[in-house]
Amino acid sequence: MLKLIGSRLLQMVLIMAVVSLLIFAIFDSDKFKKQIAVAELGGFAVSALSDDDYQAWLDRKGLNVPFYDRYLKWIGGVVTGDFGRSFEKAEPVGRLLAGRLINTGTLAFWVFALMVPLSLSLGIIAGMKEGAFRDRAVSFVAVLTTSMPEIATAIILTVIFALGLQWVPANSAMVNGWDWRQLALPVLTLVLYDFGYVARMTRASMAEVMTSQYIRTAVLKGLPHRRVILRHALRNALIAPFTIIVLQLNWILSGVVVVEVFFQYAGFGKLLLDAALFGDVYVIQAATLVAVFVAVISQIISDIGYTFLNPRIRFS
Amino acid sequence: MATVDIASAPSSVPPVAAPPPVSLLKRLQRPRVFLSLMLLMWIPLTVYVMFGGYLDDPLKSYLLAPAVPATVLLYIVAVASWRESPIAIIGASLVFFWLVVAVTVPFLPLIDPNKPLAPFASIGVEKGGHLFLLGADLKGRDMLARVLWGCQRVLVWGVTATLAAYVVGSILGLVAGYLSGWWDQVISFVANILLSFPVMVLFILILNYLGASGFNIVIAVTFASAPAIMRIVRGLTLDTKTRDYIFAAQTRGEHPLRIMIVELLPNARGPIIVDACLRLGYTTVAITTLTFLGLGLQPPDPDWGLMIKEAAKVAMLWKFSYMLLIPALSVSSLILGFNLMADGLREMSLRD
Numbered sequence: 000m001l002k003l004i005g006s007r008l009l010q011m012v013l014i015m016a017v018v019s020l021l022i023f024a025i026f027d028s029d030k031f032k033k034q035i036a037v038a039e040l041g042g043f044a045v046s047a048l049s050d051d052d053y054q055a056w057l058d059r060k061g062l063n064v065p066f067y068d069r070y071l072k073w074i075g076g077v078v079t080g081d082f083g084r085s086f087e088k089a090e091p092v093g094r095l096l097a098g099r100l101i102n103t104g105t106l107a108f109w110v111f112a113l114m115v116p117l118s119l120s121l122g123i124i125a126g127m128k129e130g131a132f133r134d135r136a137v138s139f140v141a142v143l144t145t146s147m148p149e150i151a152t153a154i155i156l157t158v159i160f161a162l163g164l165q166w167v168p169a170n171s172a173m174v175n176g177w178d179w180r181q182l183a184l185p186v187l188t189l190v191l192y193d194f195g196y197v198a199r200m201t202r203a204s205m206a207e208v209m210t211s212q213y214i215r216t217a218v219l220k221g222l223p224h225r226r227v228i229l230r231h232a233l234r235n236a237l238i239a240p241f242t243i244i245v246l247q248l249n250w251i252l253s254g255v256v257v258v259e260v261f262f263q264y265a266g267f268g269k270l271l272l273d274a275a276l277f278g279d280v281y282v283i284q285a286a287t288l289v290a291v292f293v294a295v296i297s298q299i300i301s302d303i304g305y306t307f308l309n310p311r312i313r314f315s
Numbered sequence: 000m001a002t003v004d005i006a007s008a009p010s011s012v013p014p015v016a017a018p019p020p021v022s023l024l025k026r027l028q029r030p031r032v033f034l035s036l037m038l039l040m041w042i043p044l045t046v047y048v049m050f051g052g053y054l055d056d057p058l059k060s061y062l063l064a065p066a067v068p069a070t071v072l073l074y075i076v077a078v079a080s081w082r083e084s085p086i087a088i089i090g091a092s093l094v095f096f097w098l099v100v101a102v103t104v105p106f107l108p109l110i111d112p113n114k115p116l117a118p119f120a121s122i123g124v125e126k127g128g129h130l131f132l133l134g135a136d137l138k139g140r141d142m143l144a145r146v147l148w149g150c151q152r153v154l155v156w157g158v159t160a161t162l163a164a165y166v167v168g169s170i171l172g173l174v175a176g177y178l179s180g181w182w183d184q185v186i187s188f189v190a191n192i193l194l195s196f197p198v199m200v201l202f203i204l205i206l207n208y209l210g211a212s213g214f215n216i217v218i219a220v221t222f223a224s225a226p227a228i229m230r231i232v233r234g235l236t237l238d239t240k241t242r243d244y245i246f247a248a249q250t251r252g253e254h255p256l257r258i259m260i261v262e263l264l265p266n267a268r269g270p271i272i273v274d275a276c277l278r279l280g281y282t283t284v285a286i287t288t289l290t291f292l293g294l295g296l297q298p299p300d301p302d303w304g305l306m307i308k309e310a311a312k313v314a315m316l317w318k319f320s321y322m323l324l325i326p327a328l329s330v331s332s333l334i335l336g337f338n339l340m341a342d343g344l345r346e347m348s349l350r351d
């Protein structure tokens, strides 16, 4: 077990090293250096710049050393907790990213807090009796909501609740400090997009368990229906959904980009997109590593959890 | 009674060895005919959307003409072969609605989707001698024309990108599964690296490096989807490569390439087709989302993601919400169609 975790973690470190080296190599091209210069000084100023001045500017930014030098320096910094400085926001990347991650973390927390109970209960209710009306109803709603991309869900929710009913603001930039009401629409969008998939997986798992022999035995023994479901069926039916829920972390990291951009919410996804459009290498670097880290860790947790919950799998 | 006797008389004569008449529908369902119908629909549409700018006028206006009957015939064949699954038929109807729109839109009596006429004209308003059935957008372009023209780009780029991902993913999966050894190690390691990215992060990195355009979306989608496809095909290959007919082919001395393409791939097609329907949905989402983020297809030609992007800046008012809702509902209906088709096909394959 420990060996498995160790090898997975080692693989993760290897992947992160390869990815970060690639990003440094990619953003080392002249085109991207120019892009940063244009973004910072303005297109006209850059075209008026003499070659020497441009070189001096690169010098000042520390961009004209070979990328592997910068990479080694950056690796050294990362080990001591220094992620470099953002070109765009003139702020240490570590502090910038931490603030944004807290925002996205809050968003993700509420998404999970709503999505998990909702999808599990709907999935179990649907899977208890396959083919019943409630099963068909849940499946229909699940297909419908998963078919709507986040951007469409965001639009429909905004039009109904922000523009039509005016219960919540349409914009979640939080310019006047933290406001819970502005969190409602981003959370709801992600929940609606995501719950359908988990509910369908829970339903499939529950339906499979309900057809198994031991459930039939329990029913034939004359146990009350409640007890059969709660004591016998749930423990096995929830193994598969657990792994899927943990893997949703990876999904959420993709989903937050468009939701945060649409609602102007200052989180990780918006930071990554802005940095990519600006060419802000150190921010892209740190954000990508965080994303890969979260994705791989969630995979490891889901694997461990699966072996832990499922007594049929044991590592020798 | 007498007439019956006369009528039944010829049956006592030895029957002529005439083959039973094959209905037209059955003939259309044959794989070769079906495939050529698909190509007849697809090639003109793709050429029209990707290279329409280089074509001269008489050619361009008749290019899509053969695709129209092909699309209608394909829809009839699809409905006939999926009779047993109402879900698949509903899905196919949604998808084919947009396909028919995509091939017929140059022949419809619509005004130019890029021509600014009456900014912010609402739904059903008549202005300047033109009735805006679905209103006009912020620049005064007809929403109906834009939403109908917009489906062309989404469909063509979405299917092209999915197809590219499948070609790359299947080849890698076949190689990794059939040749195993070092090939498998290397391909699986690269796939693991790509799979450990959240998809959107990968899209942003690739498109930011390559630049925003339709062809680069194809590359980005290939990078993001091919590893998952490769895993599916690899698993199926590992499963089938121990069958007797593969050993027979090996004994005959067939080239590994031929074994992979001719013997292994056709046997993996069932799960692949279901997965392809789902993946078409994902790709459509990805293209719309990327265009909204400014990393995808470029203006001025209409496109659903682009319509959302342009309207999101100015239309945050109840009165103008149709500018956002129309493209959002259109893209949702197309994706719903793909998802229902996948559900129906899976149901049918489980029943068999």
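If you read the protein sequences in the order shown, they are chains Z and R. Residue numbers for the first sequence, in numbering that gives the first Met the number 0: 0 to 315. Residue numbers for the second sequence, in numbering that gives the first Met the number 0: 0 to 351. Even glycine gets a Cβ: it sits at the ideal position worked out from N, Cα and C. In this text, all values refer to a predicted model and were calculated from it rather than measured experimentally.
Excluding its 5 nearest sequence neighbours in each direction, R/D342 has C-beta neighbours in its own chain below 6 Å: I86, listed in chain order. Close partners of R/I192 in chain Z (Cβ separation under 8 Å): I14, V17 and V18.
The C-beta of R/G149 has 16 or more other C-beta atoms within 10 Å across all chains shown, which makes the residue buried. Beta bridge pairing from DSSP links R/F131 with R/V124. Among the CB atoms of chain R, none fall inside 8 Å of the CB of Z/F86. Z/P223 carries a coil assignment under DSSP once its states are collapsed to helix, strand and coil.
Around Z/L252, the beta-carbon contacts reaching into chain R at under 8 Å are P197, M199 and V200. By the neighbour-count definition (other C-beta atoms within 10 Å, threshold 16), Z/T216 is an exposed residue.
Between Z/M205 and Z/M127, the beta carbon gap of about 7 Å places them in contact (Cβ cut-off 8 Å). For Z/K72, the enclosing alpha helix (DSSP H) begins and ends at F66 to V78. Chain Z places no beta carbon closer than 8 Å to that of R/I216, leaving this residue out of the contacts. Residue-level contact by beta carbon holds for Z/F261 and chain R, with a gap shorter than 8 Å. Counting of Cβ neighbours within 10 angstroms places R/P108 among the exposed residues, the total staying below 16. Among the residues facing chain Z, R/M315 is included, as its CB has a counterpart in that chain under 8 Å away.
Taking the CA atoms as reference points, R/K126 sits about 32 Å from R/V67. Residue contact check for Z/M147 against chain R: a CB pair falls below 8 Å. Within the region 43-67 of chain R, contact with chain Z at the beta-carbon level (separation under 9 Å) is assigned to no residue. Separation of the CB atoms of R/V100 and R/L133 is rounded to 14 Å, and the pair is thereby denied contact status at 8 Å. When the beta-carbon positions are compared, Z/G195 and Z/V142 come within less than 8 Å of each other.
Z/F262 and R/V153 have their C-alpha atoms roughly 24 Å apart. Within chain R, P197 have C-beta atoms less than 8 Å from the C-beta of Z/N249, given in sequence order. In this structure, the beta-carbon distance from R/T161 to R/T282 falls below 8 Å. The C-beta distance from R/L201 to R/F214 rounds to 17 Å, too long to fall under 8 Å, and the pair is not in contact. In the DSSP assignment, Z/W250 falls within the unbroken alpha helix (DSSP H) covering I238 to F262. DSSP, read as helix, strand or coil, puts R/P43 in helix. According to the DSSP assignment, R/Y61 belongs to the alpha helix (DSSP H) that extends over D56 to L62. Nearest C-alpha to R/Q151 among R/L316, R/P43 and R/P30: R/P43. With its beta carbon at least 8 Å from every one in chain Z, R/L154 lies outside the interface. When DSSP reads this structure, Z/R215 sits in no beta bridge, so it has no partner. Going by DSSP, Z/R59 is part of the alpha helix (DSSP H) stretching over D50 to K60. In chain order, L20 and F23 place their CB closer than 7 Å to the CB of Z/Y70, counting only its own chain and leaving out the 5 sequence neighbours on each side.
Taking C-beta atoms as the reference points, Z/V115 and Z/A285 fail to come closer than 8 Å. In the displayed model, Z/R84 falls within a strand according to three-state DSSP.
For the region 162-194 of chain R, the residues whose beta carbon sits under 8 Å from a beta carbon of chain Z are, in order, N191 and I192. By the criterion of a C-beta distance shorter than 6 Å, R/A190 is surrounded in its chain by P226 and M229, once the five residues flanking it on both sides are discounted.
The C-alpha of Z/R230 lies about 50 Å from the C-alpha of Z/F82.
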